[in-house]
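Q:
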Amino acid sequence: MENIEIRTASIHDAEALLNIYRYYVEHTAISFEYEVPSIDGFRTRIANTLTKYPYLVALSDGGILGYTYAGPFINRAAYNWSAETTIYIASDKRKQGAGRQLYEALEASLARMGIRNLYACIGYPEKEDEYLTRNSAHFHEHMGFSQAGIFHNCGYKFGRWYHMIWMEKIIAAGD
Numbered sequence: 023m024e025n026i027e028i029r030t031a032s033i034h035d036a037e038a039l040l041n042i043y044r045y046y047v048e049h050t051a052i053s054f055e056y057e058v059p060s061i062d063g064f065r066t067r068i069a070n071t072l073t074k075y076p077y078l079v080a081l082s083d084g085g086i087l088g089y090t091y092a093g094p095f096i097n098r099a100a101y102n103w104s105a106e107t108t109i110y111i112a113s114d115k116r117k118q119g120a121g122r123q124l125y126e127a128l129e130a131s132l133a134r135m136g137i138r139n140l141y142a143c144i145g146y147p148e149k150e151d152e153y154l155t156r157n158s159a160h161f162h163e164h165m166g167f168s169q170a171g172i173f174h175n176c177g178y179k180f181g182r183w184y185h186m187i188w189m190e191k192i193i194a195a196g197d
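Residues 23 to 197 (this note's numbering) make up the sequence shown, in order.
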């Protein structure tokens, strides 16, 4: 996909971002949330993230294709050099390059902040089904992440149990 613009999200993007996220909550086990957040709740999530971490959107022809953001890996001072990453692309805009561009921009922003380690928590099926594939894990591998751990059958959605994997990417060496 050509002409993708990356910019910082704002609370004014909440409706468009929530519409992207709604698909993943209602139709997939990519998100383990059962209920779609309220628009006010989603605005609060965006605002809270932006107080310390980047929250980016990808646009093409004025429309939002997807978004990515980072947050604390674990809320303890010793982990301040690590961040958890999240990405969602509109269901009809996947595999067109927006995800790669978003994650590259997010990684660059986090590196400028002094973040050294990136972590992604990903729903992972023992066997792919109509609610969850391994595409997210493959995307993260393509972006340089590697699997760091697995929690077996820890997420339950749509009457099925799913694994959760943690993937990591080290973007700066420790001293």
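Cβ atoms here follow ideal geometry from the backbone N, Cα and C, with glycine treated the same way.
On a predicted model such as this, the values are computed, not experimentally measured, just so you know.
Return the first residue and the last residue of the beta strand (DSSP E) that residue 169 is part of.
A: In the sequence shown, the residue the question calls residue 169 occupies position 147. Residues 168–179.
Q: Buried or exposed: residue 137, going by 16 or more other Cβ atoms within 10 Å of its Cβ?
A: Residue mapping note: residue 137 aligns to position 115 of the sequence shown, counting from 1. It counts as buried.
Q: Residue 195 by DSSP, collapsed to three states: which one?
A: Counting from one through the sequence shown, the residue named residue 195 turns up at place 173. Residue state, collapsed to three classes: coil.
Q: Counting along the chain, where does the beta strand (DSSP E) carrying residue 29 start and finish?
A: As a position in the sequence shown, residue 29 is number 7, starting the count at 1. Per DSSP, residue 29 belongs to the beta strand (DSSP E) from 27–30.
Q: Just to confirm the assignment, what range does the beta strand (DSSP E) spanning residue 79 have?
A: For the purposes of this step, residue 79 is taken as residue 57 along the sequence shown, with counting starting at 1. 77–82 is the extent of the beta strand (DSSP E) around residue 79.
Q: In the DSSP assignment, what are the bridge partners of residue 91?
A: Numbered from 1 along the sequence shown, position 69 holds the residue referred to as residue 91. Answer is 77 and 108, bridged to residue 91.
Q: For residue 172 and residue 52, I'd like the C-alpha separation in whole angstroms.
A: Taking the sequence shown and counting its residues from 1, one reaches residue 172 at position 150. Taking the sequence shown and counting its residues from 1, one reaches residue 52 at position 30. Using only the alpha carbons, I get a separation of about 15 Å.
Q: Taking the alpha carbon of residue 148 as the reference point, which residue from 127, 128, 117 and 184 has its own alpha carbon closest?
A: The sequence position of residue 148 within the sequence shown is 126, counting from 1. The shortest Cα separation from residue 148 among 127, 128, 117 and 184 belongs to 184.
Q: With which residues is residue 188 paired in a DSSP beta bridge?
A: Counting from one through the sequence shown, the residue named residue 188 turns up at place 166. Residue 188 pairs with 143 and 171.
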